[in-house]
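K.L.:
Before we start, here is the structure in question, set down as structure tokens.
In the working numbering, the protein residues as written are 51 to 235.
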């Protein structure tokens, strides 16, 4: 009889430990994924990017960059292009607009692209915008800055502090114009 009681106590103790362990476990898969990955480090690095974006079988954009860093592991995720970008944008008629910048960052949650350092946008009609920093709102398809700009439109070179335009430059406006120079061609 004593052996039976001893086995009963052992079985109860083992059951209590197993139940305690079962209920003390929690879903910490996200924390396990982060082991070995610093939040300051990118989760991915791509080099020599030549990305072509197509829609309905037509190329709409070509992105070239020596390096892209993927920071989607952050609370405010983004892609960083520390060595700059060259972006060709093609319209329905295959007319090309070109965007060049020394540095770019694409904020995923806000649909905002921040272009910095020797930013140059050349349209298919040879209108050219020069700026040190320029923002592009992908959702609104709007280009803007409050920094100094130079905008060559036709024979006019317009200097100012700030710029607003739709992505097709049909409503391009230099803000706080500081000077206009008409060039001879």
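We treat Cβ as the ideally placed atom computed from N, Cα and C, and that holds for glycine.
If you pair each beta-carbon of the stretch 106-117 with each one of the stretch 128-146, do three or more pairs fall below 8 Å?
P.N.:
These segments touch.
K.L.:
Can you give the Cα-Cα distance for residue 199 and residue 158, rounded to whole angstroms?
P.N.:
If you number the chain shown from 1, residue 199 lands on position 149. If you number the chain shown from 1, residue 158 lands on position 108. In a straight line, the C-alpha of residue 199 is about 26 Å away from that of residue 158.
K.L.:
Have a look at the DSSP bridge pairing and note the partners of residue 215.
P.N.:
If you number the chain shown from 1, residue 215 lands on position 165. Paired residues: 193.
K.L.:
Count the other C-beta atoms from every protein chain shown that fall within 10 angstroms of the C-beta of residue 176, then say buried if there are 16 or more, exposed otherwise.
P.N.:
On the chain shown, position 126 is the one that residue 176 refers to. By the 10 Å Cβ count, residue 176 comes out exposed.
K.L.:
Is the shortest distance between the beta-carbon of residue 182 and the beta-carbons of chain C less than 9 Å?
P.N.:
Among the chains in the structure shown there is no chain C, since it carries only a single protein chain.
K.L.:
So what does DSSP say about residue 63, is it helix, strand or coil?
P.N.:
Mapped onto the chain shown, residue 63 falls at position 13. Residue 63: helix per DSSP, three-state reduction.
K.L.:
Could you tell me the distance, in whole angstroms, from the CA atom of residue 179 to the CA atom of residue 117?
P.N.:
For this step, residue 179 is matched to residue 129 along the chain shown. For this step, residue 117 is matched to residue 67 along the chain shown. Going by the C-alpha atoms only, they are around 24 Å apart.
K.L.:
Can you tell me whether residue 95 is buried or exposed? The criterion is at least 16 other CB atoms within 10 Å of its CB, across all chains shown.
P.N.:
Taking the chain shown and counting its residues from 1, the one referred to as residue 95 is at position 45. Exposed: under 16 other Cβ atoms inside 10 Å.
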